[in-house]
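Read in this note's numbering, the sequence shown has 89 at position 75, and its numbers run on one by one without any break.
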Amino acid sequence: MPPHAAGGRFFLRTTTVPRRFNIVFDFDGTLLPMQPWDSEQELLAVWLEGRRLPAWRRLYCRLVMEGDRRGWLKSGFKRHYLGFLRGSPRELLDRVAERLAARISPEDRGALHELAGRGHRLILASCGTADLSERVLASCGVLPCFEAVLANRFHFAQDRISGLRLEVPSGQAKLHLMRSRGLDPADTVSVGDGATDLPLWEWSAVPVVMDRSGALRARFARRSYHFVSGTPGVPELLRRLGG
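Below, the structure written as structure tokens:
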């Protein structure tokens, strides 16, 4: 008797269609581990290398980097950031991106390919610099996994940095962009690691904290968030949720 028949009666097999999610990733501290700098701080560090500057200006740059890492500068960081980098060649971004790409492990890259291959919709939304994140993802071979990269972008004049367009200045701006793209919060996973991810975490049905060090679990213990220790944890979580 064929497997689809019982007692001479035929029945239809029931199949479960995997759930497809919108997955919104942050970049710095989420896809890109901090070691110890994020991508923008690393760009300043490389800019500073070998540059002949007065001692006070070198100290000023270091203080800006450390102040941003500690969250002291808030939105004021970008003004200092552009002040240092204005006039720098586009090639500087390529060099820094190659260095940053080494932080993203083969396992992390494979997890992104797995998510895209399973039909999930991947979007990068970051308050950082798109010119860096795009180059890093391209160097890792995972940029095609993403439908869009939404972040702040440099202006260039004669192949040198001339300005910065603040397209995603805050966590609220990230949320506005997701709403404007028509994402349904019931089908949205938001993966992040810090304060600028809070609006998306509160809005989306599946808020995910990227907690590589284990230090964030206690901080968000009272919230109904999911925790992963690396990018491979995301497809594992979604499998448990039917995705």
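Note that beta-carbon positions come from the ideal geometry of N, C-alpha and C, so glycine has one too.
- The DSSP assignment places 91 to 99 and 105 to 115 as complete runs of the alpha helix (DSSP H) inside the stretch 87 to 126, in order along the chain (cut-off: 4 residues).
- The straight-line gap separating the alpha-carbon atoms of Arg104 and Asp145 is approximately 9 Å.
- Under DSSP, Ala171 shares a beta bridge with Arg174.
- Residue environment: Gln172 is assigned as exposed (fewer than 16 neighbouring CB atoms within 10 Å of its CB, all protein chains considered).
- For the pair Asp40 and Asp207, the CB atoms are nearer than the 8 Å cut-off.
- DSSP places Asp225 in the coil class of the three-state scheme, outside both helix and strand.
- Straight across, the Cα-Cα distance linking Arg33 with Leu58 is about 42 Å.
- Taking the Cβ atoms as the reference, Met192 lies roughly 26 Å from Ala235, outside the contact range of under 8 Å.
- Runs of the alpha helix (DSSP H) lying entirely within the stretch 181 to 228, each at least 4 residues long, are 185 to 194 and 212 to 217 in chain order.
- For the options Ile37, Thr30 and Val31, the alpha carbon positioned closest to that of Trp217 is the one of Ile37.
- The beta-carbon distance between Ser53 and Gly155, rounded to whole angstroms, is 18 Å. This is too long to meet the 8 Å contact definition.
- Between Val203 and Leu252, the gap from beta carbon to beta carbon is short of 8 Å.
- By the criterion of a C-beta distance shorter than 6 Å, Leu126 is surrounded in its chain by Val156 and Cys159, once the five residues flanking it on both sides are discounted.
- DSSP, read as helix, strand or coil, puts Glu161 in strand.
- DSSP places Leu230 in the helix class (H, G or I) of the three-state scheme.
- With respect to the 8 Å criterion, Asp225 and Val242 are classified as neighbours on the basis of their beta carbons.
- Nearest in C-alpha terms to Asp201, of all of Lys188, Ala209 and Pro221, is Pro221.
- In this structure, the CA atom of Asp211 is about 6 Å from the CA atom of Gly185.
- Straight-line spacing of the CA atoms in Lys188 and Pro213 works out to 8 Å.
- Taking C-alpha positions only, Glu148 is separated from Val163 by approximately 7 Å.
- The stretch 105 to 114 and the stretch 54 to 73 touch, with three or more beta-carbon pairs separated by less than 8 Å.
- For Arg76, the enclosing alpha helix (DSSP H) covers residues Ala69 to Arg83.
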